[in-house]
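Just so it is clear: in the sequence shown, position 186 is 172 by the working numbering, and no numbers are missing. We put the CB at the ideal spot given by N, CA and C, even for glycine. These notes concern the structure reproduced below.
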Amino acid sequence: MKEIMTQIHLGGSLGKIFGKTHNRAVKTTSEAIRALCCTINDFERYLNNSKARGVTYAVFRGKKNLGEDDLGFPVSGEVIRIVPIIIGSKQAGIFQTILGAALIAVAFVASFTPFAAASPFLYAMGASMALGGVIQMLSPQAGGLSVKQDADNKASYAFGGVTNTTAQGNPVPLFYGKRRIGGAVISAGIYAEDQQ
């Protein structure tokens, strides 16, 4: 493979902190990420700590969104864009997202370290991240207060919640301990009884 001078655009908070545009002579997208980690102070630490801040990343080469498997393909002079996305946002389910820690792991694995490839811990971590991503894409997202569409949906303290904002088909949370928030009504019924 031949090294090609490639332009790398960092979006959002990455662009504000580390600069929006960088040029590096690289062969692959993962090598571009590794080059940024080696040449920009605190870039690697920022990517490693992004999951704790609730941020994940989408990587694009040209207009194509790349998955983890695509990072090792050769670059062809197209612009590489790394865009931060908030974990749990609807965009995170649409794009194939890559956590900051996975970006660095792929960059180091691409440099052919046998220890990283043989580590069962990395396999387990990769599988759990992939499974979590699939579950996030398949599960419906609660609309929150935007679900409230009727004028009849007024405040009700009957079941411990301030307003009835639940809708059919949303995931049901499972709580342990004391409840300090409004609940979701799963089933309710009324029956009439004669009193004599």
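By Cβ distance below 7 Å, which residues in the same chain neighbour residue i in space, the five residues on each side in sequence not counted?
| i | result |
| --- | --- |
| residue 160 | none |
| residue 26 | 4 |
| residue 135 | The pLDDT assigned to residue 135 is 49, lower than 50, so where the model puts this residue is not dependable; a value taken from the coordinates is nonetheless given after this. For residue 135, where only same-chain residues beyond five positions count, there are no Cβ hits under 7 Å. |
Work out the CA separation of residue j and residue i for me, nearest whole Å.
| i | j | result |
| --- | --- | --- |
| residue 23 | residue 49 | 23 Å |
| residue 5 | residue 38 | 22 Å |
| residue -3 | residue 29 | 14 Å |
| residue 132 | residue 34 | Note that residue 132 scores a pLDDT of 48, beneath 50, so its modelled location is shaky; the value from the coordinates is reported in the next line. About 34 Å. |
| residue 137 | residue 175 | Annotation note: pLDDT 46 at residue 137 (below 50); position unreliable, coordinate value reported separately. Their Cα atoms are separated by approximately 22 Å. |
| residue 164 | residue 181 | 36 Å |
How close, in whole Å, do the beta carbons of residue i and residue j come, if the pair is a contact with beta carbons under 8 Å?
| i | j | result |
| --- | --- | --- |
| residue 70 | residue 32 | Actually they do not touch by this definition, with Cβ atoms about 10 Å apart. |
| residue 41 | residue 68 | Not a contact, Cβ separation roughly 11 Å. |
If I measure Cβ to Cβ from residue i and keep anything under 8 Å in the same chain, skipping five residues before and after, which residues do I get?
| i | result |
| --- | --- |
| residue -11 | 11, 12, 13 |
| residue 18 | -8, -6, 10, 12, 61, 66 |
| residue 3 | 32 |
| residue 1 | -5 |
| residue 177 | none |
| residue 104 | Here residue 104 scores only 46 on pLDDT, less than 50, and its place in the model is too uncertain to base an answer on. |
Going by alpha carbons, who is nearest to residue i out of the options?
| i | options | result |
| --- | --- | --- |
| residue 7 | 20, 53, 65 | 65 |
| residue 72 | 179, 30, -1, 53 | -1 |
| residue 58 | 20, 15, 180 | 15 |
| residue 63 | 180, 47, 177, 3 | 47 |
Give me, in chain order, the residues of the same chain whose beta-carbon lies closer than 6 Å to that of residue i; leave out the 5 immediate sequence neighbours on both sides.
| i | result |
| --- | --- |
| residue 56 | none |
| residue 162 | none |
| residue 179 | none |
*Which parts of the stretch 37 to 81 are runs of the alpha helix (DSSP H), unbroken and 4 residues or longer, counting only runs that do not cross its ends?*
76 to 80
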